[in-house]
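**Student:**
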Amino acid sequence: MKVSKELLKGSTTMLVLSMLEKEPMYGYKLIKKLEAASSGVFALKEGTLYPILHALESDGAVEAVWSEAEGRARKTYQITDKGRKLLQEKTGEWQLFQRSLNQVLGEA
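Sequence positions in the sequence shown follow our numbering and run 55 to 162.
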């Protein structure tokens with residue numbers, strides 16, 4: 055079953071920050087790790103991921119570091135303290151949303 059883009063849109067920041075909290079990653083690796091961790095449910099495209107990463111970088115929630123791997127330059131993203139705080143806020147929002155939705159659906 056696929057998740058609608060509208061449902062995914064509200065959680066992509068939280069998903070990206072959650073993955074970067076585990077380890078710094080470059081974009082393609084982040085896409086693959088997220089897809090694997092979600093059993094294929096969260097399969098982001100580069101055109102979706104990079105605007106999120108750039109916005110998070112502009113906000114100071116992540117920082118990018120250039121490195122060389124396999125003979126080519128690679129931009130690796132890592133979460134900052136501000137990003138950890140944002141992740142905590144987004145996770146709290148998600149938990150409230152999930153509890154409330156389950157109550158409405160009668161599954162609480």
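Every residue gets a Cβ at the ideal spot worked out from N, C-alpha and C, and that includes glycine.
Round the Cβ separation of Gly146 and Leu110 to the nearest angstrom and send it over; I've been treating them as touching at under 8 Å.
**Tutor:** Here residue 146 corresponds to residue number 92 of the sequence shown, with the count starting at 1. Here residue 110 corresponds to residue number 56 of the sequence shown, with the count starting at 1. 18 Å between Cβ atoms; not a contact.
**Student:** Since Ala115 is in the beta strand (DSSP E), which residue starts that stretch and which ends it?
**Tutor:** What you label residue 115 is simply residue 61 of the sequence shown in a count that begins at 1. Ala115 -> no beta strand (DSSP E), and no H or E assigned at all.
**Student:** Are Val57 and Val95 closer than 8 Å when you measure CB to CB?
**Tutor:** On the sequence shown, residue 57 is found 3 positions in, with the first residue counted as 1. On the sequence shown, residue 95 is found 41 positions in, with the first residue counted as 1. Against a cut-off of 8 Å, the Cβ pair of Val95 and Val57 comes out as a contact.
**Student:** May I have the straight-line CA-CA distance separating Pro105 from Gln157, to the nearest angstrom?
**Tutor:** For the purposes of this step, residue 105 is identified with residue 51 of the sequence shown, where counting begins at 1. For the purposes of this step, residue 157 is identified with residue 103 of the sequence shown, where counting begins at 1. Near 34 Å, if we compare the C-alpha coordinates of Gln157 and Pro105.
**Student:** Quick one: is Gly81 buried, meaning 16 or more other Cβ sit within 10 Å of its Cβ, or exposed?
**Tutor:** As a working mapping, residue 81 is identified with position 27 in the sequence shown. Under this definition Gly81 is a buried residue.
**Student:** Tell me which same chain residues have a C-beta within less than 7 Å of the C-beta of Leu140, skipping the five on either side of it?
**Tutor:** For this step, residue 140 is matched to residue 86 along the sequence shown. Excluding residues within five positions, the ones whose Cβ falls inside 7 Å are Leu71 and Ala115.
**Student:** Can you give the Cα-Cα distance for Ile133 and Glu143, rounded to whole angstroms?
**Tutor:** Locating residue 133 in the sequence shown gives position 79, where the first residue counts as 1. Locating residue 143 in the sequence shown gives position 89, where the first residue counts as 1. Whole-angstrom Cα-Cα distance: 14 Å.
**Student:** From the DSSP secondary-structure annotation, give me the bridge partner or partners of Ala123.
**Tutor:** Numbered from 1 along the sequence shown, position 69 holds the residue referred to as residue 123. DSSP lists Arg126 as partners of Ala123.
**Student:** Tell me where the alpha helix (DSSP H) around Ala90 begins and ends.
**Tutor:** The residue labelled residue 90 in the question sits at position 36 within the sequence shown. That run of the alpha helix (DSSP H) goes Gly81 to Ala91.
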